[in-house]
Amino acid sequence: MENHNHFMVALSAALAFGSLTIIFVLRWVSNYGDGLAWDGGPANFNWHPVLQLSGFVFLNGLGIIAFRLPWTHQLSKESVKLIHAALNTLAFFCAVMALKAVFGSQSGSNFPDLFSLHSWLGITVVSLFGIEIALAASIYLFPITPESWKAAFHPLHVFLGRFLFGSTICVSLIGLTERLIFSLNDPKYSDSPPEAFFANVMGLFLVAYGVAIFWISTNKSWKHPGPPIWHTSGLLEDKIK
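With the numbering used here applied, the sequence shown corresponds to residues 251 to 491, in that order.
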């Protein structure tokens, strides 16, 4: 790998910003919310941001850069594919559970479902992510799939992965702002109370994590070097990455 030290700095920054985001969201729901519970009450909702940020966003980001991590360079193509697929599948599971947490917390209240832009975009992104995972699994994890199909689908797979990752961050930021506007009454969000400042800083960490992941995943000098144990199809996929 070219510029290995630069890569490690970028990776360390990504892990630091991602970890800070997770720490902040956990502190947010515990210090300013009702903690975490799966009882249909207000604390039930708090699983939504926790699972969304620590699961859907963080794990998806790691899945995107799985092919570029130095520790995977000596693994076989199939092994790295499985790591990539496992991280994204776990991220999708967290997203589904995050949606379940929202509907579970609102089922016992008079708060309406699916009325905001955040909810519309959230359902759309999770649905597209699930479809993309199903398509990728059917094409890349089954040995009977022709290599020409894999090569043809790969540019779209990479684009959709990065697009949906960025979309997830955007939807999360919209949801974070929406939550603060709805929950802060006295003082209001516009009065910049401590909770608003805390949550805004968390949003900045989230954006920084996304930027670091995009930088790592698009830097051509950090592509998978393609060791001898990779087959021709693996090298083809890496050139596209």
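Glycine included, each C-beta is placed from N, C-alpha and C at the ideal position.
Since the model is a prediction, treat every value here as computed from it, not as a measurement.
Per DSSP, cross-strand counterpart(s) of residue i
i, result
"Lys438", "Asn435"
Residue i - containing alpha helix (DSSP H), residue span
i, result
"Gly313", "308-314"
"Thr468", "444-468"
"Val300", "297-301"
"Trp370", "367-390"
"Ala263", "254-277"
With 16 other Cβ atoms within 10 Å as the buried cut-off, status of residue i
i, result
"Phe257", "buried"
"Ile273", "exposed"
"Ile419", "buried"
"Pro444", "exposed"
"Leu406", "exposed"
"Ser422", "buried"
"Trp472", "buried"
"Lys327", "buried"
"Lys331", "buried"
"Leu414", "buried"
"Phe455", "buried"
"Leu437", "Before going further, note that residue 437 is Pro rather than Leu in the sequence given. The residue is exposed, with fewer than 16 neighbouring Cβ atoms inside 10 Å."
"Val279", "buried"
"Thr271", "buried"
"His334", "buried"
"Leu298", "Residue identity check: residue 298 is His in the sequence provided, not Leu. The residue in question, His298, is buried, as its Cβ has 16 or more Cβ neighbours within 10 Å."
"Leu261", "buried"
"Ala316", "buried"
"Leu364", "exposed"
"Ile373", "exposed"
"Ala264", "buried"
"Ala384", "exposed"
"Val375", "buried"
Residue i versus residue j: straight-line alpha-carbon distance, rounded
i, j, result
"Gly291", "Phe403", "44 Å"
"Tyr390", "Lys400", "7 Å"
"Val307", "Leu337", "11 Å"
"Gly285", "Glu397", "49 Å"
"Ser433", "His368", "16 Å"
"Lys350", "Ser467", "31 Å"
"Ala266", "Ser329", "26 Å"
"His323", "Asp289", "44 Å"
"Pro393", "Thr339", "19 Å"
"Arg412", "Ala462", "12 Å"
"Tyr282", "Ser304", "18 Å"
"Glu382", "Leu276", "29 Å"
"Asn255", "Leu410", "29 Å"
Residues near residue i in its chain [Cβ-Cβ closer than 6 Å; skip 5 each side]
i, result
"Leu301", "Cys344, Met347, Ala348"
"Lys460", "For clarity, residue 460 is Gly in the given sequence; the question names Lys instead. Excluding sequence neighbours, Gly460 sits near Ile419."
"Ser526", "Outside the displayed span of the chain (251 to 491) sits residue 526, for which this structure offers no information."
Residue-level contact to chain D via CB, residue i, 8 Å cutoff
i, result
"Ala341", "Of the protein chains in the structure, only one exists, and it is not chain D."
Close Cβ partners of residue i (< 8 Å) along its chain, the five nearest in sequence each way excluded
i, result
"Thr395", "Ser388, Ile389"
"Leu430", "Tyr439, Glu445, Ala446, Ala449"
Close Cβ partners of residue i (< 7 Å) along its chain, the five nearest in sequence each way excluded
i, result
"Gly268", "Phe308, Gly311, Tyr459"
"Gly453", "Leu423, Leu426"
"Gly380", "Phe342"
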